[in-house]
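Asks: Dropping a structure here in structure tokens format, bear with me for questions.
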DNA sequence: CTTCAAGTGATTGTCGACAATCTAAAGGTA
DNA sequence: TACCTTTAGATTGTCGACAATCACTTGAAG
């Protein structure tokens, strides 16, 4: 496990550690709510506590861990309310991203999006229950639209921060993406609007897409309706 | 300057340093684009490089400095495009915040908002050109609405991250808040909608409020219109 | 004069160690 | 038994030092 010492170019130990720990947390290898012991992790990865602490700082910034002074760091426990909060933020932001993307996506990017959806479609039609690719394809679609806005800060905010938490939730929650086919249909509709350069419609469709997903979570959290 | 060693309770050196440096950068004491030397700052504040590096990591997370491996950290240079990007993000987010706040603000909070605006109004009427308080009051208004949503992640995102950059811009750019009275009028209109529990209108007004401010910046960046 | 190479100085990244603080077990008292 | 104090252990926060890398000067060749 401790083959970290990358002879590679200028890769920083703290940076590599950050990515490694992010994956470990997101995929549930380090479970939610578990305490993170600096000496233990440092031994496990064969590094000093310095770079590890710096990596933890980064994870705290993303919101994957919570640190309490003189006590230590724990992996966050993502309850339903926090997840709903994330969707509340995503809805207007990604809606806006769609509107901008409708203006700025190149024809080549639109074609690539089309291929992505077809690829995704085929996977679902073949009835691979493989949640991994489904999730990958789902996120990829959203990522590309967000990046197409050209708003670097928006990209960082959504892709580098919030989406880690979503991936974590989907990895650790037993039920994975309750409605993959319906979601893909909605992606197709969004793509159509983008391809028509209809930003207004694309925004509405994306907002509904996220809003529907949010409602599914809402019902899970309060099944007394 | 180096009276950092707080005998206070459990204040972390890295944490205090982070807040201190944030203020220094936001207020322009450390100018935009300037290089940040770890040994120099460490000497100046009488601390080791460890906590200082951790503070820098935090600042990088906020977006106040940029770090390049093996080279060092620089204070970001906020060009107009990046500022526009921030407003692009704020518009839908704070609009949404207003809609939620219209439902969740208590009467007491609404009254406090009212007092805040009256206080602000008086300052402007007395023709204090004091940009500082104007800015303070402006931000306060937005802060309170955002916090009223109860969405902690939204609060962190806007108040703890994006708003530092705005404060930095207003402190360092010569022209400060070109239209304080007009902006206050818009705040009053928003308050009115909030007080009427008209979330839909409050959202629209807030979006326009931010959109107008964005247009002012847009014209500054490209005066050839 | 320009351009490239080597060398020097400073800065960054990483490490191990020590002090301050917290956690938990042991023991004593009501 | 319940509760508080003490104490031992471990963990976190901070420090100073060393190795790796970069920036800049010096010098030489074309």
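Protein chains in written order, with this note's numbering: chain A, 472 to 696; chain B, 472 to 696. Where is the CB? At the ideal position from N, CA and C, for every residue including glycine.
Is it right to say residue 563 (chain B) is buried, meaning 16 or more other beta carbons lie within 10 angstroms of its own, or is it exposed?
Replies: Position 92 of the second chain, counted from the first residue, corresponds to residue 563 (chain B). Answer is buried; the Cβ neighbour count reaches 16.
Asks: To which residues of the same chain is residue 548 (chain A) closer than 8 Å at the C-beta, ignoring the five residues directly before and after it?
Replies: Counting from one through the first chain, the residue named residue 548 (chain A) turns up at place 77. Correct list, in chain order: 503, 504.
Asks: Can you tell me whether residue 512 (chain B) is buried or exposed? The criterion is at least 16 other CB atoms within 10 Å of its CB, across all chains shown.
Replies: Reading the second chain from its first residue, position 41 is the one you call residue 512 (chain B). Result: buried.
Asks: Would you grab the beta carbon distance between residue 622 (chain B) and residue 556 (chain A) for me? Rounded to a whole angstrom, and I think it's under 8 Å.
Replies: Counted from its first residue, the second chain places residue 622 (chain B) at position 151. Counted from its first residue, the first chain places residue 556 (chain A) at position 85. Right, their Cβ atoms sit about 5 Å apart.
Asks: Starting from the beta carbon of residue 559 (chain A), find every residue of chain B whose beta carbon is closer than 9 Å, and list them in chain order.
Replies: As a working mapping, residue 559 (chain A) is identified with position 88 in the first chain. What residue 559 (chain A) touches in chain B: 567, 571, 620, 622, 624, 625.
Asks: Report the option in B:509, B:582, B:520 whose CA atom is closest to the CA atom of residue 546 (chain B).
Replies: Along the second chain, one-based indexing puts residue 546 (chain B) at 75. Here the closest residue by C-alpha is B:509.
Asks: What does DSSP give as the partner residues of residue 538 (chain A) in its beta bridges?
Replies: Walking along the first chain from the start, residue 538 (chain A) turns up at place 67. When beta bridges are read from the DSSP output, residue 538 (chain A) appears opposite A:544.
Asks: Using a beta-carbon distance cut-off of less than 7 Å, what residues from the segment 632 to 656 of chain A approach chain B?
Replies: none
Asks: Based on DSSP bridge pairs, tell me the residues matched to residue 506 (chain B).
Replies: Mapped onto the second chain, residue 506 (chain B) falls at position 35. The partner list for residue 506 (chain B) (beta bridge, DSSP) reads B:545.
Asks: Along the chain, where does the alpha helix (DSSP H) that runs through residue 638 (chain B) open and close?
Replies: Numbered from 1 along the second chain, position 167 holds the residue referred to as residue 638 (chain B). Looking at the DSSP string, the run of the alpha helix (DSSP H) that includes residue 638 (chain B) is 634 to 643.
Asks: Taking residue 528 (chain A) as the query, report the chain B residues whose CB atoms sit under 8 Å from its CB, ordered along the chain.
Replies: Looking up residue 528 (chain A) in the first chain gives position 57. Correct list: 525, 528, 529, 532.
Asks: Measuring alpha carbon to alpha carbon, tell me which of A:635, A:568, A:574, A:579 ends up nearest residue 491 (chain A).
Replies: Position 20 of the first chain, counting from 1, holds the residue named residue 491 (chain A). Minimum Cα distance to residue 491 (chain A) is reached at A:635.
Asks: Please state if the CB of residue 584 (chain B) and the CB of residue 612 (chain B) are separated by a distance shorter than 8 Å.
Replies: For the purposes of this step, residue 612 (chain B) is taken as the residue at position 141 of the second chain. For the purposes of this step, residue 584 (chain B) is taken as the residue at position 113 of the second chain. In contact: residue 612 (chain B) and residue 584 (chain B) (Cβ atoms closer than 8 Å).
Asks: Mind checking the segment 535 to 549 of chain A against chain B and listing, in chain order, the residues whose C-beta falls within less than 7 Å of any C-beta there?
Replies: 540, 541
Asks: Could you work out which residue in A:515, A:485, A:641, A:517 is closest to residue 527 (chain A) when comparing CA atoms only?
Replies: Position 56 of the first chain, counting from 1, holds the residue named residue 527 (chain A). Ranking A:515, A:485, A:641, A:517 by Cα distance to residue 527 (chain A) puts A:485 first.
Asks: Please state the DSSP three-state secondary structure of residue 488 (chain B).
Replies: Looking up residue 488 (chain B) in the second chain gives position 17. Three-state DSSP puts residue 488 (chain B) in a helix.
Asks: If you draw a straight line from the alpha carbon of residue 687 (chain B) to that of residue 554 (chain B), how long is it in whole angstroms?
Replies: Taking the second chain and counting its residues from 1, the one referred to as residue 687 (chain B) is at position 216. Taking the second chain and counting its residues from 1, the one referred to as residue 554 (chain B) is at position 83. When rounded, the distance between both Cα atoms is 11 Å.
Asks: Using the beta-carbon of each residue, which ones in chain A are nearer than 7 Å to residue 510 (chain B)?
Replies: On the second chain, position 39 is the one that residue 510 (chain B) refers to. Near residue 510 (chain B) there are no residues of chain A at all, since even the closest Cβ is about 16 Å away, more than 7 Å.
Asks: With a CB to CB cut of under 8 Å and the five nearest residues on each side skipped, what residues in its chain are close to residue 497 (chain A)?
Replies: Start at 1 with the first residue of the first chain, and residue 497 (chain A) comes out as number 26. Sequence-distant partners of residue 497 (chain A) (beyond 5 residues in either direction) whose C-beta falls short of 8 Å from its own C-beta, in its chain, are 535, 635, 638, 639, 642.
Asks: Go through its chain and collect everything with a Cβ distance to residue 632 (chain A)'s Cβ below 6 Å, but skip five positions before and after it.
Replies: Position 161 of the first chain, counted from the start, is the residue given in the question as residue 632 (chain A). Once the five neighbours on either side are set aside, the close Cβ partners of residue 632 (chain A) are 533.
Asks: May I have the straight-line CA-CA distance separating residue 696 (chain B) from residue 661 (chain A), to the nearest angstrom?
Replies: Locating residue 696 (chain B) in the second chain gives position 225, where the first residue counts as 1. Locating residue 661 (chain A) in the first chain gives position 190, where the first residue counts as 1. Interpretation of residue 696 (chain B) is limited by its pLDDT of 46, a score under 50 that renders its predicted location unreliable; the figure taken from the coordinates is listed afterwards. Approximately 34 Å, taken between the alpha carbons.
Asks: Nearest chain A C-beta to residue 556 (chain B) closer than 8 Å, yes or no?
Replies: Against the second chain, residue 556 (chain B) aligns to sequence position 85. Contact of residue 556 (chain B) with chain A is assigned, a C-beta pair being separated by under 8 Å.
Asks: Tell me the DSSP secondary structure of residue 693 (chain B) in three-state form.
Replies: As a first step, residue 693 (chain B) must be located in the second chain, where it is residue number 222. Coil.
Asks: Could you give the DSSP three-state label for residue 650 (chain A): helix, strand or coil?
Replies: Against the first chain, residue 650 (chain A) aligns to sequence position 179. In the structure shown, residue 650 (chain A) sits in coil (DSSP, three-state: anything other than H, G, I, E or B).
Asks: Would you kindly report the start and end of the unbroken alpha helix (DSSP H) that includes residue 621 (chain A)?
Replies: On the first chain, residue 621 (chain A) is found 150 positions in, with the first residue counted as 1. Premise fails: residue 621 (chain A) is in no alpha helix (DSSP H) and is neither H nor E.
Asks: Short of 6 Å in beta carbon distance, which residues of its chain neighbour residue 544 (chain A), apart from the five on each side in sequence? Order them along the chain.
Replies: Here residue 544 (chain A) refers to the residue found at position 73 when the first chain is read from its first residue. Closer than 6 Å at the Cβ level, and outside the excluded window around residue 544 (chain A), lie 507, 527, 536, 538.
Asks: Name the chain B residues whose beta carbon is nearer than 8 Å to that of residue 563 (chain A)?
Replies: Here residue 563 (chain A) is taken as the residue at index 92 of the first chain, counted from 1. Under the 8 Å cutoff, chain B gives 563, 564, 566, 567.
Asks: Measuring CA to CA, which of B:499, B:559, B:616 is closest to residue 697 (chain B)?
Replies: What is shown of chain B runs 472 to 696, which leaves residue 697 (chain B) out entirely.
Asks: Since residue 625 (chain B) and residue 560 (chain A) should fall inside the 8 Å C-beta cutoff, what is the C-beta to C-beta distance between them, to a whole number of angstroms?
Replies: Along the second chain, read from residue 1 onward, the residue named residue 625 (chain B) stands at position 154. Along the first chain, read from residue 1 onward, the residue named residue 560 (chain A) stands at position 89. About 6 Å separates the two Cβ atoms, so the contact holds.
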